[in-house]
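The structure under discussion appears below in the form of structure tokens.
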Amino acid sequence: MSTAFDKRAYDVGYKRRQSAERRDIIVPPCGSPDRRAELEASTVDWLRYYFGDECASPFWYEFTSQQRDMIDAIGHAIAVGGDQAIAASRGEGKSTLCWRTLLKHVLCGKVEFAVLFAASGTMATNIIGNLKMDIESAGRLAIDYPEVCEPIAALEGIPQRAKSQTVSGRRHDNGDEYEQAESKFTWCGNEIILPAVPGSPAAGAIIATRGLDAAVRGLNQRGKRPTVAIIDDPDTEESSRSELQAGKLEDRIDKGIGGLGTQQKAIARVMLTTLQSRVSVSYKYTDPKAKPTWKGKRFRYLLKPPRRIDLWDEYVQMRQQDFIAVAMGQSDDEFCRRSHNFYAANRKKMDAGAEVANEHRYDSTELPDGTRMEESALQHYYNEVARIGPEAVATEYDNDPPEIEE
Numbered sequence: 003m004s005t006a007f008d009k010r011a012y013d014v015g016y017k018r019r020q021s022a023e024r025r026d027i028i029v030p031p032c033g034s035p036d037r038r039a040e041l042e043a044s045t046v047d048w049l050r051y052y053f054g055d056e057c058a059s060p061f062w063y064e065f066t067s068q069q070r071d072m073i074d075a076i077g078h079a080i081a082v083g084g085d086q087a088i089a090a091s092r093g094e095g096k097s098t099l100c101w102r103t104l105l106k107h108v109l110c111g112k113v114e115f116a117v118l119f120a121a122s123g124t125m126a127t128n129i130i131g132n133l134k135m136d137i138e139s140a141g142r143l144a145i146d147y148p149e150v151c152e153p154i155a156a157l158e159g160i161p162q163r164a165k166s167q168t169v170s171g172r173r174h175d176n177g178d179e180y181e182q183a184e185s186k187f188t189w190c191g192n193e194i195i196l197p198a199v200p201g202s203p204a205a206g207a208i209i210a211t212r213g214l215d216a217a218v219r220g221l222n223q224r225g226k227r228p229t230v231a232i233i234d235d236p237d238t239e240e241s242s243r244s245e246l247q248a249g250k251l252e253d254r255i256d257k258g259i260g261g262l263g264t265q266q267k268a269i270a271r272v273m274l275t276t277l278q279s280r281v282s283v284s285y286k287y288t289d290p291k292a293k294p295t296w297k298g299k300r301f302r303y304l305l306k307p308p309r310r311i312d313l314w315d316e317y318v319q320m321r322q323q324d325f326i327a328v329a330m331g332q333s334d335d336e337f338c339r340r341s342h343n344f345y346a347a348n349r350k351k352m353d354a355g356a357e358v359a360n361e362h363r364y365d366s367t368e369l370p371d372g373t374r375m376e377e378s379a380l381q382h383y384y385n386e387v388a389r390i391g392p393e394a395v396a397t398e399y400d401n402d403p404p405e406i407e408e
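Numbering (our numbering) for the sequence shown: 3 to 408.
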């Protein structure tokens, strides 16, 4: 009887040890502590390296002045608090820059709890999904931040495994050994909690996302309150058209988000947006007279107009005629090579005097005839004028929406 009992006890113990070993993740040391420390001293360099040409949606060119302002605004808010509102051109990579910059400061241990707000719950879900994908797939990040990336990679797409996962390795801060420590993290839903790996600067850090179309009060996790809120493109079609809806959204930002801080310190808020109209909340928050504490800035795509506007007017008209001819079946010039060739023949005169904020913003795809879709960011700007109209371009590219008609 006792022999059978001992065997069962041994079997149970053996299975438990096997199970514990399967749950335990060996965390390798940082690939290069010196490189990591050097890059952490410059957010721009950090972003260009860890999200460079080896990752999806890489930062492949030097950041523009408006992109650097967005990066600096987030860093400043995290370091000293306060509010900042920046309107950048549509398509300038605000959202990606936003969550990656925030991630940098979280991984460095500068932020314990941050919230990313989007206009809707669906958009907020997309942001947290993209952020998680960045952590899961950025190879250089995994090499230098194994204490965060390795436990996440070990889930193999099954977030429930985080509940029982343990980790073993050496601490990043002092090199001391640890064994089978509970990683205690969350990798699903609209907020993530990073692995509690001993010695990790980001241990237990929280990144949450919320839609501004729902309640934003009462964000409290594990006894922590958020210290920084990033507001990404808050306006909806309704708030950009209706003063009533804009007022409700403003109330949510001022009172709901503004009240998320602690008794001792107000939450830092950074709004990165693109203007949709003069009614919109974004227009008000980027107006230093209307919201002085937000220190509003508005950036343009077209910094200086070309001298020969007449040639560009001719180009836009020609391109629109090309669209019509193709739509009517009167031409097979679907890529508008006629107007494109007009620009190529007159480019020197048409470019003269113009200055754009981001010279990389154009489609350089090579077409079957050997020409490229576009040759410059200035051409792209006027292609958009032909496609969506001058008022839409002034609004979303230059953050200069038309006056409201009485």
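Even for Gly, the Cβ is constructed at its ideal location relative to N, Cα and C.
Since the model is a prediction, treat every value here as computed from it, not as a measurement.
Can you round the beta-carbon distance between residue i and residue j to whole angstroms, since I take them to be within the 8 Å contact cut?
{"i": "Gln290", "j": "Lys297", "result": "Sequence check: residue 290 is Pro here, not Gln. Contact holds; Cβ gap of about 7 Å."}
{"i": "Tyr303", "j": "Ala388", "result": "Not really, about 15 Å apart at Cβ, beyond 8 Å."}
{"i": "Tyr285", "j": "Pro404", "result": "Incorrect: roughly 12 Å between the Cβ atoms, too far for contact."}
{"i": "Leu277", "j": "Ala89", "result": "5 Å"}
{"i": "Arg25", "j": "Ser166", "result": "5 Å"}
{"i": "Met320", "j": "Phe337", "result": "Incorrect: roughly 13 Å between the Cβ atoms, too far for contact."}
{"i": "Ile130", "j": "Ile76", "result": "Between Ile76 and Ile130 the Cβ distance is about 17 Å, and since that is not below 8 Å, they are no contact."}
{"i": "Ala183", "j": "Leu196", "result": "About 14 Å separates the two Cβ atoms, so there is no contact after all."}
{"i": "Phe115", "j": "Lys257", "result": "20 Å between Cβ atoms; not a contact."}
{"i": "Tyr364", "j": "Ala379", "result": "5 Å"}
{"i": "Ala87", "j": "Lys250", "result": "Going by Cβ atoms, the distance from Ala87 to Lys250 rounds to 18 Å, so no, they are not a contact pair."}
{"i": "Met125", "j": "Gly213", "result": "7 Å"}
{"i": "Leu99", "j": "Gln69", "result": "6 Å"}
{"i": "His362", "j": "Tyr63", "result": "5 Å"}
{"i": "Ala1", "j": "Asn192", "result": "Because residue 1 is not part of the residues shown, which for the chain are 3 to 408, the question remains open."}
Between residue i and residue j, is the Cβ-Cβ spacing less than 8 Å?
{"i": "Tyr51", "j": "Arg173", "result": "no"}
{"i": "Leu313", "j": "Met352", "result": "yes"}
{"i": "Asp146", "j": "Arg37", "result": "yes"}
{"i": "Glu357", "j": "Leu305", "result": "yes"}
{"i": "Lys96", "j": "Met72", "result": "yes"}
{"i": "Val150", "j": "Leu109", "result": "yes"}
{"i": "Ser333", "j": "Tyr317", "result": "no"}
{"i": "Pro53", "j": "Phe61", "result": "Here residue 53 is Phe; the residue named in the question, Pro, does not match the sequence. It is a contact, given that the beta carbons lie within the stated cut-off."}
{"i": "Val283", "j": "Ala248", "result": "yes"}
{"i": "Asp235", "j": "Ala396", "result": "no"}
{"i": "Arg92", "j": "Tyr399", "result": "yes"}
{"i": "Leu49", "j": "Thr127", "result": "no"}
{"i": "Pro148", "j": "Val169", "result": "no"}
{"i": "Arg349", "j": "Thr373", "result": "no"}
{"i": "Ala207", "j": "Val113", "result": "yes"}
{"i": "Thr295", "j": "Asp85", "result": "yes"}
{"i": "Asn401", "j": "Arg280", "result": "no"}
{"i": "Thr83", "j": "Pro203", "result": "As written in the sequence, residue 83 is Gly, which differs from the Thr given in the question. No; because the gap between Cβ atoms is not below 8 Å, this pair is not in contact."}
{"i": "Asp315", "j": "Asp324", "result": "no"}
{"i": "Gly177", "j": "Pro30", "result": "no"}
{"i": "Ile27", "j": "Ala156", "result": "yes"}
How far does the beta strand (DSSP E) with residue i in it extend, from its first residue to its last?
{"i": "Glu181", "result": "179-184"}
{"i": "Met273", "result": "270-275"}
{"i": "Ser170", "result": "168-172"}
{"i": "Arg212", "result": "208-213"}
{"i": "Glu193", "result": "193-195"}
{"i": "Ile88", "result": "85-89"}
Which partner residues does residue i have in the DSSP bridge list?
{"i": "Glu357", "result": "Lys306"}
{"i": "Leu118", "result": "Thr211, Ile232"}
{"i": "Gln223", "result": "Lys226"}
{"i": "Lys293", "result": "For Lys293, which the question treats as bridged, DSSP gives no partner whatsoever."}
{"i": "Ile28", "result": "Ser170"}
{"i": "Thr98", "result": "Partner(s): none; Thr98 has no beta bridge."}
{"i": "Lys299", "result": "Ile88"}
{"i": "Thr188", "result": "Ile195"}
{"i": "Arg374", "result": "Glu368"}
At a Cβ threshold of 8 Å, is residue i touching chain D?
{"i": "Asp324", "result": "Among the chains in the structure shown there is no chain D, since it carries only a single protein chain."}
Span of the alpha helix (DSSP H) holding residue i?
{"i": "Arg50", "result": "45-52"}
{"i": "Gln322", "result": "311-329"}
{"i": "Asn385", "result": "379-390"}
{"i": "Ser281", "result": "Note that residue 281 is Val in the sequence shown, not Ser. From DSSP, Val281 is part of no alpha helix (DSSP H); its letter is neither H nor E."}
{"i": "Ser242", "result": "239-243"}
{"i": "Cys151", "result": "148-155"}
{"i": "Thr124", "result": "123-139"}
{"i": "Val82", "result": "67-82"}
{"i": "Leu41", "result": "35-42"}
Can you find at least 3 beta carbon pairs, one from the segment 259-272 and one from the segment 236-247, that sit closer than 8 Å? No, because fewer than three Cβ pairs between the segment 259-272 and the segment 236-247 fall closer than 8 Å, the two stretches do not touch.
Are at least three pairs of beta-carbons, each pair with one atom in the segment 225-236 and one in the segment 130-139, less than 8 Å apart? As far as the Cβ criterion goes, the segment 225-236 does not touch the segment 130-139, which means the pair count is below three.
Pairing CB atoms from the segment 185-202 with CB atoms from the segment 154-163, are three or more of them under 8 Å? In the pairwise beta carbon analysis, the segment 185-202 is classified as touching the segment 154-163: at least three pairs are separated by under 8 Å.
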